[in-house]
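Reviewing the structure listed below.
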Ligand SMILES: [Cu+2]
């Protein structure tokens, strides 16, 4: 007796089967994971990455006249721009260049009295406020960051009755380089991969850039609806886009590896649909949605989350239990398969 009790022999016999069971479970684990869909290639959801674009430098010369007027009176810049305004007073009167701190083409109403103009700037401050004597020149630097997309800032002369006589202008900030970057792909299966894009930012409007790459050979478009929380249909999108121009309509060139940047400005939070406008593609399922500060629907199976790992463990555990039961019963029954019956010799 070497301490081998009543259970020693069956357990020793079961050992190879237990090892086999572990091997089966080891093979089964990835199989379970694959069958649950968690190991599918490619992300289901694209998440926006915030970036800080470099600042561009732009110069503009603005003349002040006794009309009284600014020439030019309308200035347009992109976001992420430092605008240097070179002021030249060409008149015989003193003028000011006073820039509103408040976005809005009519933030300071045109019918404001001189007292109301003073009150407006006292209350809201100003982005710049310089006074130029006749013949004087001055330079003013104004910075428009990523938060300024779609803003409009008035500039006026606060000398009494000059603004009232029309001495006013605007600086309009259009989209610029994107401050949120995303990636998407088109495939010959007529799909966007991923078809769910997520943007979470603290300030709107926001300029978004999507790098759209072609995985297949067909050409496509990446076309974003300007209407949020609105679903296009393959039947109506053509006429819809004629009356409501898309935020962006970027052609994705044919050929694997070709790509295009689709940059567009999202005015406010919401869900924005994007489609491929090539005939037949949208109807075949070539569309997706941008979730802008809106929770996206739960993905089919989010990769590497506790839920997936839980199911994998349950699947592997079940296989392990089954294999152990097979092993233990085999240990008691004897070797498997049973010894073949010997046929009598001829
Ligand atoms: Cu397409």
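Residue numbers (our numbering): 1226 to 1571. All residues carry an ideal CB built from backbone N, CA and C; glycine is no exception.
query: Specify, as a first and last residue, the run of the alpha helix (DSSP H) that residue 1348 falls within.; result: 1339 to 1349
query: Just to check my reading of the structure: residue 1513 and residue 1421 have Cβ atoms closer than 8 Å, yes? What is that Cβ distance to the nearest angstrom?; result: 6 Å
query: For the segment 1438 to 1485, which segments carrying the alpha helix (DSSP H) assignment without a break, of at least 4 residues, lie completely within its bounds, in sequence order?; result: 1462 to 1468
query: Return yes when the C-beta of residue 1443 is under 8 Å from any heavy atom of ligand 1, and no when it is not.; result: yes
query: Beta strand (DSSP E) containing residue 1493: first to last residue?; result: Counting along the chain, residue 1493 falls outside any beta strand (DSSP E), and DSSP gives it neither H nor E.
query: Using the rule of at least 16 other Cβ atoms within 10 Å of the residue's Cβ for burial, across every protein chain shown, is residue 1409 buried or exposed?; result: buried
query: For residue 1318, does the three-state DSSP call read helix, strand or coil?; result: coil
query: Residue 1289 bridges to which residues according to DSSP?; result: 1295, 1314
query: Report the three-state DSSP secondary structure of residue 1372 (helix, strand or coil).; result: helix
query: Which value, in whole angstroms, describes the spacing of the CA atoms of residue 1267 and residue 1417?; result: Note that residue 1267 has pLDDT 48, beneath the 50 cutoff, so the model's placement of it is unreliable and the number below is only indicative. For residue 1267 and residue 1417, the distance between alpha carbons rounds to 11 Å.
query: Would you mind reading off the limits of the beta strand (DSSP E) that contains residue 1416?; result: 1416 to 1418
query: Quick one: is the Cβ of residue 1428 within less than 8 Å of any heavy atom of ligand 1?; result: no
query: Which stretch, first to last residue, makes up the beta strand (DSSP E) that contains residue 1270?; result: 1270 to 1272
query: Would you mind sorting residue 1433 into buried or exposed? The rule is 16 or more other CB atoms within 10 Å of its CB.; result: buried
query: Flag residue 1440 as yes when its Cβ comes closer than 8 Å to any non-hydrogen atom of ligand 1, and as no otherwise.; result: no
query: Is it a yes or a no for the segment 1280 to 1297 touching the segment 1336 to 1350, going by three-plus beta-carbon pairs under 8 Å?; result: no
query: Quick check on residue 1333: does DSSP put it in helix, strand or coil?; result: coil
query: Is any non-hydrogen atom of ligand 1 found closer than 8 Å to the C-beta of residue 1435, if you look at the structure I gave you?; result: no
query: Taking the alpha carbon of residue 1440 as the point to measure from, which residue in 1462, 1411, 1458, 1453 has its own alpha carbon closest?; result: 1411
query: Can you determine whether any heavy atom of ligand 1 sits closer than 8 Å to the C-beta of residue 1485, and answer yes or no?; result: no
query: Per the contact definition of three or more C-beta pairs closer than 8 Å, is the segment 1437 to 1452 in contact with the segment 1466 to 1479?; result: yes
query: Determine the DSSP secondary structure at residue 1546, reduced to helix, strand or coil.; result: helix
query: So residue 1424 is in the beta strand (DSSP E); what residue range does that whole segment cover?; result: 1421 to 1424
query: For residue 1458, is the classification buried or exposed, using 16 other Cβ atoms within 10 angstroms of its Cβ as the cut-off for buried?; result: exposed
query: Can you tell me which of 1330, 1486, 1313, 1334 puts its alpha carbon nearest to the alpha carbon of residue 1583?; result: Residue 1583 lies beyond the residue range present for the chain, which begins at 1226 and ends at 1571; the question has no answer from this structure.
query: Here's the rule: buried if 16 or more other CB atoms are within 10 angstroms of the residue's CB, otherwise exposed. What is residue 1499?; result: buried
query: For residue 1298, is the classification buried or exposed, using 16 other Cβ atoms within 10 angstroms of its Cβ as the cut-off for buried?; result: exposed
query: Here's the rule: buried if 16 or more other CB atoms are within 10 angstroms of the residue's CB, otherwise exposed. What is residue 1404?; result: buried
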